[in-house]
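Here the sequence shown is numbered in the working numbering, starting from 1051 and rising by one per residue. Just so it is clear, CB atoms sit at the ideal spot from N, CA and C, and this is done for glycine as well. Everything on this sheet refers to the single structure shown next.
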Amino acid sequence: MTNTEFYNPILTDLQNGNYGEASQQVLKAELEGDYADKDRVLLYLDKGMIYHYQGEYSKSNEQFDKAEWAIEELYTKSISKGASSMLLNDNALDYSGEVYENLYINIFKALNYIHLDDFDGAYVEVKKVNDKLNLLDTKYEEYAASINNSDESAPEIKAEELDYYNNVFANYLSSVVFKAEGEYDNSRISREKMFEAWNTYTDVYDYSKPGFLFDSTITASNYILNIIALAGKAPYKQSVGARITTFDDFVTVSDPTNFWVDAIPFPGIEYGWNFKFAFPELVEDGTEVYDIEIYIDSTHYGNLELLENMANVARKTFETNKGIIFFKTIIRAVLKGVGAGSLGKNIKKNNDDLLGDILVALTNAAVDATEHADLRCWRTMPSYCFTTQIPLAKGTYNIELRYIGEDGSVIKSELFNDFTIGDDVNLIESFYLN
């Protein structure tokens, strides 16, 4: 089963803004073995994210590099071991990350590079996001094919099309980088790509475009204050249970909470087996933040607007892998259960009816006990990105961000005194992970 209890103190410290304490909690969990070797991708992701919150941008990128390398290595291994891993519960396998986790590695690396004034490095990471989106369909087709090699009699698993090839957050960072380097036409093109994403993926970007995107002065050669506020709790996985019933040459799935399927052809299967199974569903955890106000030298300059709902991106991309997980879990439960049950039937044929009956009776319970959904995911990332861009003259300003709750009260205030606006990217980044 997935171990999630050790995350509680880590998440509590993050929600309280105690990033140093959260980092120590991750180290403690690592030393106590809560991050097993098979969970090393999550360890690297958590360390990278918390270092980012702490402003340790180089250390953050070191960990994100490790996560990215491990994901690629594990993908290669999963292709070669697709067939042999069919009878293992996913919790027993190395965790290789979800699509959205793989994408946000590069987005946060790009943010780190911007803070480090390495604009070339930032642009490389933004480009990687687009490259990954274009390659992921091929990767999932390869993975599904490797699993299908496990048993010729099992139903064929088909990879769902990703249908998501343009990320607003990545293009926003690209526009900021190009603007800082004086490449105003490329900055404009990046902004146009943001509009394309909004118009194409209405299920992901199901909210209004930020008003600053319509300000024609933003891409001109003036000075811009860029503000990014990351808020909310990361989406998480919960277990959805269902039951498999076998018939001659097909199986049915009953009581799926949020996943409807027709009868599934399963050549060679016989009537009379019944197994429980569980698969993960991604859940959005929300945020307490209702609005974020900006004050510059005590004057209200407007509000931040939602640029990207990362939970929406997570849910959209998770669907691509969800189908593979779902059908792989069904096949595994059936093959395990029928294999164990057949042993009981063979014993009965050899006149040991009592032992055979016991083994057949225990088969369903044994399969049920070993089928738990893999609930591992990146728990330390935020869920919402709010932004704005404000044209300002060169100079030094006192800037305040006020996070507003649903009842209109200020739930957090953060000051950035003596902030200098000049030829740089002029980026302020703030966090409220509730």
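As assigned by DSSP and simplified to three states, the class of residue i
{"i": "H1102", "result": "helix"}
{"i": "K1395", "result": "With a pLDDT of 49 at K1395, under the threshold of 50, the modelled position of this residue cannot be trusted, and the question is left open."}
{"i": "T1062", "result": "helix"}
{"i": "N1276", "result": "strand"}
{"i": "V1301", "result": "strand"}
{"i": "D1424", "result": "coil"}
{"i": "F1316", "result": "coil"}
{"i": "S1203", "result": "Residue placement at S1203 is poorly supported in this model, since its pLDDT is 47, which falls under 50; the coordinates still yield a value, given next. DSSP places S1203 in coil when its eight states are reduced to three."}
{"i": "L1483", "result": "coil"}
{"i": "I1155", "result": "helix"}
{"i": "E1246", "result": "helix"}
{"i": "K1283", "result": "coil"}
{"i": "Y1085", "result": "coil"}
{"i": "D1021", "result": "Residue 1021 lies beyond the stretch modelled for the chain, which goes from 1051 to 1484, so this question has no answer here."}
{"i": "N1401", "result": "Unreliable placement is indicated for N1401, whose pLDDT of 47 sits below 50; no coordinate value is reported for it."}
{"i": "R1452", "result": "strand"}
{"i": "I1476", "result": "Per the sequence shown, the amino acid found at residue 1476 is Asn instead of Ile. N1476: coil per DSSP, three-state reduction."}
{"i": "F1169", "result": "helix"}
{"i": "S1258", "result": "coil"}
{"i": "S1146", "result": "coil"}
{"i": "G1070", "result": "helix"}
{"i": "F1228", "result": "helix"}
{"i": "G1406", "result": "With a pLDDT of 49 at G1406, under the threshold of 50, the modelled position of that residue is not reliable, and the figure given next carries that caveat. Looking at G1406 - three-state DSSP - the assignment turns out to be helix."}
{"i": "A1220", "result": "helix"}
{"i": "Y1163", "result": "helix"}
{"i": "F1056", "result": "coil"}
{"i": "A1443", "result": "coil"}
Closest by C-alpha distance to residue i, when choosing among the options
{"i": "D1299", "options": "G1472, I1381 and C1435", "result": "I1381"}
{"i": "A1284", "options": "L1451, C1435, Q1104 and E1450", "result": "C1435"}
{"i": "K1215", "options": "H1102, I1471, L1183 and M1244", "result": "With the sequence shown as reference, residue 1215 is identified as Tyr, and Lys is not the correct amino acid for it. Answer by Cα proximity: L1183."}
{"i": "L1354", "options": "A1281, G1070 and N1362", "result": "A1281"}
{"i": "E1148", "options": "G1067, A1443, G1322 and A1361", "result": "A1361"}
{"i": "F1327", "options": "V1174, I1239, N1139 and G1083", "result": "N1139"}
{"i": "G1291", "options": "F1329, S1463, F1219 and Y1251", "result": "F1329"}
{"i": "T1115", "options": "L1153, Y1103 and A1079", "result": "As written in the sequence, residue 1115 is Asp, which differs from the Thr given in the question. Answer by Cα proximity: L1153."}
{"i": "T1370", "options": "A1160, W1119, D1170 and D1213", "result": "D1213"}
{"i": "P1432", "options": "D1265, S1480 and S1289", "result": "S1480"}
{"i": "Q1074", "options": "T1054, Q1104 and D1087", "result": "Q1104"}
{"i": "Y1173", "options": "I1155, S1224 and A1142", "result": "S1224"}
{"i": "H1422", "options": "N1066, F1325 and A1364", "result": "F1325"}
{"i": "I1155", "options": "L1185, T1062 and I1121", "result": "I1121"}
{"i": "L1161", "options": "Q1439, W1119, D1181 and I1478", "result": "I1478"}
{"i": "T1349", "options": "I1449, R1241, N1066 and L1061", "result": "I1449"}
{"i": "G1318", "options": "D1063, L1385 and G1352", "result": "L1385"}
{"i": "D1287", "options": "L1081, D1265 and E1334", "result": "Per the sequence shown, the amino acid found at residue 1287 is Lys instead of Asp. For the residues L1081, D1265 and E1334, the minimum Cα distance to K1287 belongs to E1334."}
{"i": "G1261", "options": "D1087, P1059, S1463 and Q1439", "result": "Q1439"}
{"i": "K1372", "options": "R1241, N1180 and S1289", "result": "S1289"}
{"i": "T1054", "options": "D1084, N1272 and G1067", "result": "D1084"}
{"i": "T1379", "options": "D1265, N1272 and N1141", "result": "N1141"}
{"i": "S1463", "options": "P1059, G1067, L1061 and T1062", "result": "G1067"}
{"i": "I1375", "options": "E1320, L1143 and S1266", "result": "L1143"}
{"i": "V1363", "options": "V1179, E1080 and E1082", "result": "V1179"}
Beta-carbon gap between residue i and residue j smaller than 8 Å
{"i": "F1469", "j": "T1446", "result": "yes"}
{"i": "Y1057", "j": "I1100", "result": "no"}
{"i": "D1312", "j": "T1052", "result": "no"}
{"i": "I1346", "j": "I1277", "result": "no"}
{"i": "L1451", "j": "I1471", "result": "no"}
{"i": "F1368", "j": "L1332", "result": "yes"}
{"i": "I1342", "j": "A1279", "result": "yes"}
{"i": "K1229", "j": "I1274", "result": "yes"}
{"i": "S1098", "j": "A1072", "result": "Checking the displayed sequence, the identity of residue 1098 turns out to be Gly instead of Ser. Not in contact: G1098 and A1072 (Cβ atoms no closer than 8 Å)."}
{"i": "T1302", "j": "G1322", "result": "no"}
{"i": "R1429", "j": "D1089", "result": "no"}
{"i": "L1092", "j": "Y1145", "result": "yes"}
{"i": "L1465", "j": "Q1065", "result": "no"}
{"i": "E1151", "j": "L1095", "result": "yes"}
{"i": "L1356", "j": "Y1257", "result": "yes"}
{"i": "A1383", "j": "I1294", "result": "yes"}
{"i": "V1475", "j": "V1226", "result": "yes"}
{"i": "I1314", "j": "F1219", "result": "no"}
Residue i CB to nearest heavy atom of the ligand SAM below 7 Å
{"i": "S1463", "result": "Annotation note on the ligand SAM: not contained in the displayed structure, which lists no ligands."}
Q: Quick one: which unbroken beta strand (DSSP E) runs of 3-plus residues sit fully inside the region 1327 to 1382? Chain order, please.
A: 1341 to 1346, 1349 to 1353 and 1355 to 1359
Q.
Any contact between the region 1333 to 1347 and the region 1446 to 1456? By contact I mean 3 or more CB pairs, one from each, below 8 Å.
A. yes
**Q.** the region 1105 to 1124 touching the region 1149 to 1166, judged by at least three CB pairs closer than 8 Å
**A.** yes
Q: Flag this pair as touching only if the region 1227 to 1241 and the region 1251 to 1259 have three or more C-beta atom pairs under 8 Å; answer yes or no.
A: no
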